[in-house]
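All remarks here apply to the structure that follows.
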Amino acid sequence: MKTIYQKPHALTDAHTHYCPGCTHGIVHKLVAQVMDELGIEGQTVGIVPVGCSVMAYDYFNCDCIEAPHGRAPAVATGVKRARPDLHVFTYQGDGDLAAIGTGELVHCATRGENIVTIFINNAIYGMTGGQMAPTTIPNQVTQTTPYGRDVKTAGYPVRVCELISTLDGTAFAKRCSVDSIEHINDTKKAIRKGFENAANGLGYSLIEILSTCPTNWGLEPQEALEWLRENMIPYYPLGVYKDIAK
């Protein structure tokens, strides 16, 4: 019988801890599929900091290193410089990457480190209970903004792809989503391109992925996907923000 679909080898058999409807699992699958297709599972190191993805080392068959909150790009830089033959990626959420880790992110990108960052943007702090994040959109209700994010007091969201695309060391910056089959397929292509760019020594690649957090958004999984389409995509337009290899 012809095999139509199978789990990527680069994914373990562990049951994930993610909430029902969370899209982290989709992104994990895409990263694993890219490792399988490129044949790099045994030469890849993932850097996992603090956040909902803190236990991603249980789910990928490649080597993984746990990093302090926000410091994944710094740890990844050390790994890549010590072992330039390896494929190195960070897997970070918006609270980790765009708040405590902003400095590491910006300087890693401006140095043009040959690593890939998979950036999960669900507009909220997921692991710690649903507080406002740097990416929380205006008027969005969170645990710490019960009346909605007021930009007069809380400031405006950080648009990470737009920011990183201005840096000379950035080779590739693209914002994707996993709310539909079309967008999932496009996200996989972007992840693969990031890994290929790093392997070819072109510099830093960031793939921002708009994702859902049904639990902390207070929505059912399908409602969360619809909320992403209606609210996040208009504020965070999908597309390529920089690509030196096109």
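With positions in the sequence shown counted from 1, the corresponding number in my numbering is that position plus 7. Idealized CB from N, CA, C, for every residue including glycine.
Worksheet item: Excluding five sequence neighbours on each side, which residues of the same chain lie with their C-beta closer than 7 angstroms to the C-beta of Gly155?
Response: For the purposes of this step, residue 155 is identified with residue 148 of the sequence shown, where counting begins at 1. Within the same chain, Gly155 has close Cβ partners Asn146, Gln147, Val148.
Practice prompt. Count the other CB atoms, across all protein chains shown, that sit within 10 Å of the CB of Asp186; report buried if there are 16 or more and exposed otherwise.
Written response: Counting from 1 along the sequence shown, the entry for residue 186 is found at position 179. By the 10 Å Cβ count, Asp186 comes out buried.
Discussion item. By DSSP's criteria, Asp250 is part of a beta bridge. Which residues make up the other side?
Written reply: Mapped onto the sequence shown, residue 250 falls at position 243. Bridge partners of Asp250: Phe179.
Worksheet item: Among Ala231, Lys249, Val55, which residue has its Cα nearest to the Cα of Ile214?
Response: Along the sequence shown, one-based indexing puts residue 214 at 207. The shortest Cα separation from Ile214 among Ala231, Lys249, Val55 belongs to Lys249.
Fill in: Same chain, Cβ closer than 8 angstroms to Thr152, five either side skipped, listed in chain order
In the sequence shown, residue 152 corresponds to position 145, counting from 1. The residues are Met139, Thr143, Ala161.
Discussion item. Which same chain residues end up closer than 7 angstroms to Arg78 when comparing Cβ atoms and leaving out the 5 residues on each side of it in sequence?
Written reply: Counting from one through the sequence shown, the residue named residue 78 turns up at place 71. Counting only Cβ-Cβ distances below 7 angstroms, and skipping sequence neighbours, we find Pro56, Gly108, Glu111.
Worksheet item: On the three-pair Cβ rule with 8 angstroms, is the segment 216-223 touching the segment 119-134?
Response: yes
Practice prompt. For Tyr242, name the three-state secondary structure that DSSP assigns.
Written response: By 1-based counting over the sequence shown, the position of residue 242 is 235. Helix at Tyr242.
Item to complete: Could you tell me if Arg88 is buried or exposed, where buried requires 16 or more neighbouring beta carbons within 10 angstroms of its beta carbon?
Response: Along the sequence shown, read from residue 1 onward, the residue named residue 88 stands at position 81. Flag for Arg88 reads exposed.
Worksheet item: Taking buried to mean at least 16 other C-beta atoms within 10 Å of its own C-beta, is Tyr12 buried or exposed?
Response: Taking the sequence shown and counting its residues from 1, one reaches residue 12 at position 5. Under this definition Tyr12 is an exposed residue.
Worksheet item: His94 lies in the beta strand (DSSP E); which residues open and close that run?
Response: Translated into the one-based positions of the sequence shown, residue 94 becomes position 87. Segment 94-100, the beta strand (DSSP E) holding His94.
Worksheet item: Under a three-way DSSP split, which group does Leu235 fall into?
Response: For the purposes of this step, residue 235 is identified with residue 228 of the sequence shown, where counting begins at 1. In this structure, Leu235 counts as helix in the three-state DSSP scheme.
Discussion item. Taking its Cβ as the centre, do 16 or more other Cβ atoms sit within 10 Å of His94, making it buried, or is it exposed?
Written reply: For this step, residue 94 is matched to residue 87 along the sequence shown. With 16 or more other Cβ atoms within 10 Å, it is buried.
Worksheet item: With distances taken from CA atoms, which of His35, Lys14, Cys29, Met8 is nearest Lys195?
Response: Position 188 of the sequence shown, counting from 1, holds the residue named residue 195. Nearest of His35, Lys14, Cys29, Met8 to Lys195, Cα basis: His35.
Fill in: The beta strand (DSSP E) enclosing Asn223, as first and last residue numbers
For the purposes of this step, residue 223 is taken as the residue at position 216 of the sequence shown. No beta strand (DSSP E) contains Asn223, which is instead part of the alpha helix (DSSP H) from 221-224.
Fill in: Rounded straight-line distance, which links the Cα of Pro27 to that of Glu169
As a first step, residue 169 must be located in the sequence shown, where it is residue number 162. As a first step, residue 27 must be located in the sequence shown, where it is residue number 20. When rounded, the distance between both Cα atoms is 31 angstroms.
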